[in-house]
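Asks:
Residue numbers (our numbering), protein chains in the order written: chain A, 239 to 526; chain B, 239 to 526; chain C, 239 to 526; chain D, 239 to 526; chain E, 239 to 526; chain F, 239 to 526.
1) In the DSSP output, which residue or residues are listed as bridge partners for residue 565 of chain C?
2) So, helix, strand or coil for residue 270 of chain A, using DSSP?
3) Whose CA, out of B:350, B:275, B:359, lies closest to the CA of residue 430 of chain A?
4) Anything in the segment 248 to 265 of chain E with a Cβ closer than 7 Å to a Cβ of chain F? List those residues in chain order, please.
5) Skipping 5 residues on each side, what residues in its chain have a beta carbon closer than 8 Å to that of residue 256 of chain C?
6) Which residues in chain E have a C-beta closer than 8 Å to the C-beta of residue 309 of chain C? List them in chain order.
7) Can at least three beta-carbon pairs, one atom from the segment 337 to 345 of chain B and one from the segment 367 to 384 of chain B, be found at a separation below 8 Å?
8) Any C-beta of chain F sitting closer than 8 Å to the C-beta of residue 527 of chain B?
9) Given that residue 406 of chain A touches chain D, what residues does it touch there, using C-beta distances under 7 Å?
10) Which ranges would you report for the beta strand (DSSP E) in the segment 424 to 462 of chain F if only whole runs of at least 3 residues count?
11) For a contact defined as C-beta to C-beta under 7 Å, what are the partners of residue 284 of chain E on chain F?
12) Among residues of its own chain, excluding the 5 on either side of residue 415 of chain E, which ones have a beta-carbon nearer than 7 Å to its beta-carbon?
13) Name the residues in the segment 427 to 460 of chain B whose C-beta lies less than 8 Å from a C-beta of chain A; which are they?
14) On a CA-only basis, which of F:397, F:493, F:412, F:352 is nearest residue 321 of chain F? Give me that one, please.
15) By DSSP's criteria, residue 487 of chain A is part of a beta bridge. Which residues make up the other side?
16) Between residue 366 of chain E and residue 521 of chain E, how many whole angstroms is the CB-CB distance? I'm expecting something under 8 Å.
17) Going by other Cβ atoms of all chains shown within 10 Å of its Cβ, with 16 needed for buried, is residue 505 of chain C buried or exposed?
18) For residue 350 of chain C and residue 519 of chain C, which I take to be in contact (beta-carbon distance under 8 Å), what is that distance rounded to the nearest angstrom?
19) Check each candidate in C:526, C:480, C:421, C:370 and name the one with the smallest Cα separation from residue 508 of chain C.
20) Can you grab the Cα-Cα spacing for the pair residue 510 of chain F / residue 270 of chain F, in whole Å?
21) When burial is assigned at 16 or more other CB atoms within 10 Å of the CB, is residue 423 of chain B buried or exposed?
22) Taking contact to mean at least 3 C-beta pairs separated by less than 8 Å, is the segment 252 to 266 of chain F in contact with the segment 244 to 254 of chain D?
23) Are residue 364 of chain F and residue 297 of chain F touching if we call contact CB-CB under 8 Å?
24) Using a Cβ-Cβ distance under 8 Å, would residue 376 of chain F count as near chain A?
25) In whole angstroms, what separates the C-alpha of residue 243 of chain B from that of residue 427 of chain F?
26) Let me make sure I understand the geometry here. Which of E:334, E:390, E:248 has the alpha-carbon closest to that of residue 355 of chain E?
27) So, are the CB atoms of residue 311 of chain B and residue 338 of chain B less than 8 Å apart?
28) Under 8 Å between C-beta atoms, does residue 522 of chain D make it to chain C?
29) Does the separation of the CB atoms of residue 486 of chain D and residue 460 of chain D fall below 8 Å?
30) Looking at the unbroken alpha helix (DSSP H) that takes in residue 376 of chain F, where does it start and where does it end?
31) Looking at chain C, is there any beta carbon in it that lies within less than 8 Å of the beta carbon of residue 506 of chain A?
32) In the DSSP assignment, find the unbroken alpha helix (DSSP H) run with residue 358 of chain C in it and report its ends.
33) Give a yes or no on whether the C-beta atoms belonging to residue 332 of chain E and residue 319 of chain E are separated by under 8 Å.
34) In this structure, what does DSSP give as the bridge partners for residue 295 of chain D?
35) May I ask you to list the residues that DSSP assigns as paired with residue 415 of chain D?
36) Which chain F residues sit within Cβ distance under 7 Å of residue 410 of chain B?
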């Protein structure tokens, strides 16, 4: 499944970026604003500053970070040195900022909160993607995202070289054990789904045994979710599927465990923790 | 500083909880809703389910998790087994749920996204708090939070036994190196802050050397932030401060490094990563 | 494709219904409110009323209509006589209302604006669906919806027995002539799409000639959009496709033209006007 | 009542247009955005396009349509060829667009959804207005609008040469049969209204018989609503009213029925369907 | 114009009240909430309290005040002693409250901010209304309101016995000197207005001289605004108008100046300061 | 406490100003907009106008006032003559405006509603501040603000030379009589607060007697609120406090009573009415 991506990932539209950043600034500024800077920094003072990576990684979140400054003062100017999705070494410059000191200091934390979190996701993603390079497997993220941040988190996954699984409950069918139990069987669950949803909607079904895999294939699913199987069991399932559907492995994926899973021949490896438990990339804003 | 807390931490008001959860549901449901459950689950089907911890931890986020269900269907009933802030073992039951199957399955992921993230924060916090038990130090969280989630994250820190540093730029003065550079000196920066802010606002100042600590004390600060100092240097600074101000240590705090830092006698240990990089607690919703 | 639907269509979640109705009430009440009723109707007066169809049709929008009353006064009681998706004759009762007269009269127009519009869509849909009964074709609606009303309009289409095509630009790929022109060929456009999108995303491609149909099939599309073709040309295309992809016909669909199109053997018939130009069903609220 | 309008109708203020269009874009883009264009269209590609009428009509909604593009990318440029309220023939150019291809294709449908719907309203309005030209009657629209679209729909009616009746329940008194029943008589209903409302509020009263017309006039109403009367009955009522109040005819108004109604001498003809059931004008965006 | 009002004024609809109060609570609670009460008040403590007037006045704003408590905790119970619009003496009880102490103390200030402000407006209004009792004049408020509070302020005016002039620029025409200057004359300004606006819209025109009054009447205005005239000049103008239009006096209205102005025979006296500069009524919440 | 303020007060961030003004414009324009200007003023007409003070005062609210015009039409140009916080005499020019007449007239009232209200607050504040000049006392405002306007009102207080007490319940602890009663004693209330809140949170406690003052000091409060004491009693309390805490006097503060209170030696004088009952400054917009 791993053709080269035609173009770099696209950020959410500008008005959504601005709206997310405005909410974050409101959260940080409260009613009284940045009382420290207003007390100490002359209104006319200007500073230059640079976003510096303190550790190597993949950059994500620059449109958010730069919006934070311009929302406080449109007079802030920015120069991007390492673009979205670019790799950066420890000490490398991500972007430079010049403008009124109050706006630069006042927006610094909000800008970093977006940039460090999203770059952390992109960096983790890239590490796993690198670990499975050469295999046919794509890394995909899940709906285990942090509330309110899904569109940005999934964009960061794409910047790290990963792909997105469902964005929500609305864009594809994923039949899990509880659905199967309520429908009575894999066959019946898939049949009902096919009858109910539109023709542009794919159907994936969880399978815990090879028998269930076979049942799902017979029912005509587009993809089979193989949860928490060993690499050996995955290989067996992949052989059984034999291209009749997309195969997805999930469960405890790390850069260490991913290669063996990818070697099983699965099409997709899904990992929830790259969005629900990412470590922020260490980035600072150095005033110069 | 470590008197016992009089009462358990209080959750944000109900209307804020509801508003955060409604936004998360909207993000997950899109325009088409939970197409899988609507296709497969009869409208009249009911299920019982339980939130089960897959690993030990501290529970946080139940008001959010339970709201997710009742916002989809007011007919869902919940029973809390381990309350907010309670410790739970692997396999322990956090809460039980009973109601229309569509609502239970449709809200499951949103409920877990809140519960796992916030419980992860509370659990990490509790681990560090336990590590420094017996010292005079309090663990405090910072403004390094995830955009849009600050109030909930800081509440989770309190549930884990930690305290909150500033909630935003608006509620206290924290003078950092850039402010000092722009003001010319620690003395001048503090003087300006004191003149500008209200009498209910405390002033903390970063200090990188003992000379700066002394200067800050002379200027009458309420607290001194000692960033990235060794335990030995911290102990020296604490001796110098000698109760004239609150002392706060920051930088690379983990359950492993915290005891030595606490042993230096500082009043506070601040940690950004408990809110910017927490690992989610592994919790599942088991349908029974 | 036309298995019987397992369950009746599900309405959007209650909080989205309430939010749409609240906005409509705010639009109608302005700052001064229902000045006529407040002037003339005693605050304690109560009325009984009934929604009566003035012409036959399919009912859609009751959750919105009833919310309008309860948002003005929780003391209004409703009894549903003909449920969502039910057929009604001229003179038939859809629902009864009892409560404070001011709330009933004040919410009447907003309630009817939802109910007549959505029932109009369901009724039109049902007419076309009836016209193609017996064929393999499903009727689907498009993204030609009225701004802000998409989720409700698509729900009304389902109530009328139709299906939903894409809900937005985000949930599936639909390659049109402009995309093909920019990519250089159908083959290249499909290849790029396949490489870029997730495994749960289907790809449909517009085709204007049999050659293009063949090219799209070779590129592995999930569905082919046959725009503005005659029934004869459609039949030829369907024969060529031969089950290798879903076939969709579009263009000038009415209850009169639909049977011939359906007879061509296409899987789907898409109609924009059932959502962009529906005639409202004539329904009144009779106070009794 | 039919003096020439001094100036062309004014659009809602820019911030309301932007807010409506932003909501429509959010509805169409979801969390994942225009996945087709992002996959296939190079980020640097630019296109020229033109809004072309596929049938004759009156243009309405350009401010909305053009905002859709600039909200996706401020680099899109537009040139208006046929301005708001202008008549256009089949094949005529309404406006030209030039800019980044992704923004043009991504905003196309939202732009057209506004433009076709509002132009449809303006075109229908103009047809009825033309049918009653030469009479003293004005065509007015009602509160039978689609939820959330009232300000824009009423603006489109003005562009088509019509006038607006009430914008909401708040800006004038309209006493209907239910109010009269609750008050006991036309006389009492009007008296109460007069006592309660401000001096800038006009009062209209529905009348079903000549006796009720006379009663309403005696009570001093500003306008009389004559619902579902024949042209002959209307002429009789107009003669009775004799300029003492504004006369309004309503019920089943079409370009065909309107002339006879207008010939009765009424001041106003009100039509709900021009806003609740308009047919969209057929307009396309042709990329060149 | 001063018939007795048929019914007591009606409050804005519940969802608007709730939305205004929720915003005020969010403003007061910030991210951290009522840190004082959470620290000191046991979660299970309950209190009884009463709203007590510290000075005589007219009560307004109870729906807002009581909502503040129930939004914090639905378990708070209230008993209304002096209803909306009722007169109260110093020391009188307006309402009693019983419930969780944290919610009562946490919502107290927000509740009082609404209640004192709106009761202040009602009380001032009532004082002027009393001063002109016996005359034919009504007291009306203007668009000189405080941003965001217009609907509530105008409701308070009605509770005090006053009437509302325009709610906004949208509900009636008021031609002022600048409009006249731009149109060229009173006659032309009125003619243009009549041609442009709907039949349910009244037209008032400012007049500074008797000549202008005559011109406005000749042009057929519904009302004449007589700004800053002496009582004698007003009487002359009223005589000239002679019932052909409503007469409105404005400018520096107080309980002291109002009687002489009312004695001139004008229909309306408008006062901006009752909404832009009201003194809050002194009300306290006494915990018992 | 009265060092000179280092810099002029800073306005809330631009996006909050714009959001407040947009809401006020929406409130004033309704769905139909400024129907008077649209009827009478040619779309191409331009005007010059000036904000003129009709009485002396301190200017506050210009960013809001000027935003009102540019939100209606970005083509409006403004020139500030008397900046924020500047003193102005009767007849003085605050700012000049030039631009499309419709936008100038349409935004006039909203602009003035902000400007007159906020300048009224700044002017009252300045009057009291002037009355206590030479004393050590600062004037502070309270949480007795008008709903939705707190950030702007507190900014206006700063422009008038006053200081801000708490912005909300969240940023400092203020222990009042009810808290003390619930805790059992001043000592216990303060102890609980100290244990519960963060180190950046100050604690103030109300005291009604010298004994309570002493108790509060012994408990280590940062500030003591002396409510409704005579100047003599205040002086006694100040002597007792003797610099161990900040002293705050409240109750019935006016320019007349303030000097005697300030002479008692208190650090702070708090006044609720400068925000809950300010008289608007009389400012007009003169078209030239």
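Glycine included, C-beta positions come from ideal geometry on N, C-alpha and C.
Replies: According to the structure shown:
1) With chain C covering 239 to 526 only, the question about residue 565 of chain C has no answer from this structure.
2) Three-state result, residue 270 of chain A: coil.
3) Considering only alpha carbons, the answer is B:275.
4) Of all residues in the segment 248 to 265 of chain E, 258, 261, 262, 265 have a Cβ within less than 7 Å of some Cβ in chain F.
5) Sequence-distant partners of residue 256 of chain C (beyond 5 residues in either direction) whose C-beta falls short of 8 Å from its own C-beta, in its chain, are 305, 309.
6) Neighbourhood of residue 309 of chain C in chain E, by CB distance below 8 Å: 251, 252, 253, in chain order.
7) Touching, no, given that fewer than three Cβ pairs across the two stretches are closer than 8 Å.
8) Missing from the structure shown is residue 527 of chain B; chain B here goes from 239 to 526 and no further.
9) Simply 269.
10) If we require 3 residues or more, the beta strand (DSSP E) runs fully inside the segment 424 to 462 of chain F come out as 441 to 445.
11) Residues of chain F whose Cβ lies closer than 7 Å to the Cβ of residue 284 of chain E do not exist, since the nearest Cβ in that chain is about 10 Å away.
12) The beta carbon of residue 415 of chain E sits closer than 7 Å to the beta carbons of 444 from its chain, once the five residues preceding and following it are set aside; these are given in chain order.
13) For chain A, the residues of the segment 427 to 460 of chain B that bring a beta carbon within less than 8 Å of one of its beta carbons are 427, 430, 431, 433, 434, 435, 439, in chain order.
14) Of the listed residues, the one whose Cα sits closest to residue 321 of chain F is F:397.
15) DSSP output for residue 487 of chain A lists A:464, A:507 as bridge partner(s).
16) At roughly 21 Å, the Cβ-Cβ gap does not stay under 8 Å, so residue 366 of chain E and residue 521 of chain E are not in contact.
17) Residue burial annotation: residue 505 of chain C is buried, with at least 16 other C-beta atoms found within 10 angstroms of its C-beta.
18) About 10 Å; that fails the 8 Å criterion.
19) Out of C:526, C:480, C:421, C:370, C:370 has the C-alpha closest to the C-alpha of residue 508 of chain C.
20) Whole-angstrom Cα-Cα distance: 38 Å.
21) Classification of residue 423 of chain B: exposed, given that the 10 Å Cβ count is below 16.
22) Three or more beta-carbon pairs drawn from the segment 252 to 266 of chain F and the segment 244 to 254 of chain D are found closer than 8 Å, and the two stretches are therefore classed as touching.
23) Not closer than 8 Å, so no.
24) With 8 Å as the cut-off, residue 376 of chain F does not count as an interface residue toward chain A.
25) Our two residues, residue 243 of chain B and residue 427 of chain F, have alpha carbons roughly 13 Å apart in a direct line.
26) For residue 355 of chain E, the closest of E:334, E:390, E:248 by C-alpha to C-alpha distance is E:390.
27) Their beta carbons are under 8 Å apart, which means residue 311 of chain B touches residue 338 of chain B by this criterion.
28) No, residue 522 of chain D does not count as interfacial toward chain C.
29) No, they are not a contact pair.
30) Taken as a continuous stretch (DSSP letters only), residue 376 of chain F belongs to no alpha helix (DSSP H), being part of the beta strand (DSSP E) at 376 to 379.
31) Residue 506 of chain A counts as touching chain C.
32) Taken as a continuous stretch (DSSP letters only), the alpha helix (DSSP H) holding residue 358 of chain C covers 339 to 369.
33) Yes; because the gap between Cβ atoms is below 8 Å, this pair is in contact.
34) Looking at the DSSP assignment, residue 295 of chain D forms a beta bridge with D:326.
35) Residue pairing by DSSP leaves residue 415 of chain D without any beta bridge partner.
36) For residue 410 of chain B, the C-beta contacts it makes with chain F under 7 Å involve 438, in order along the chain.
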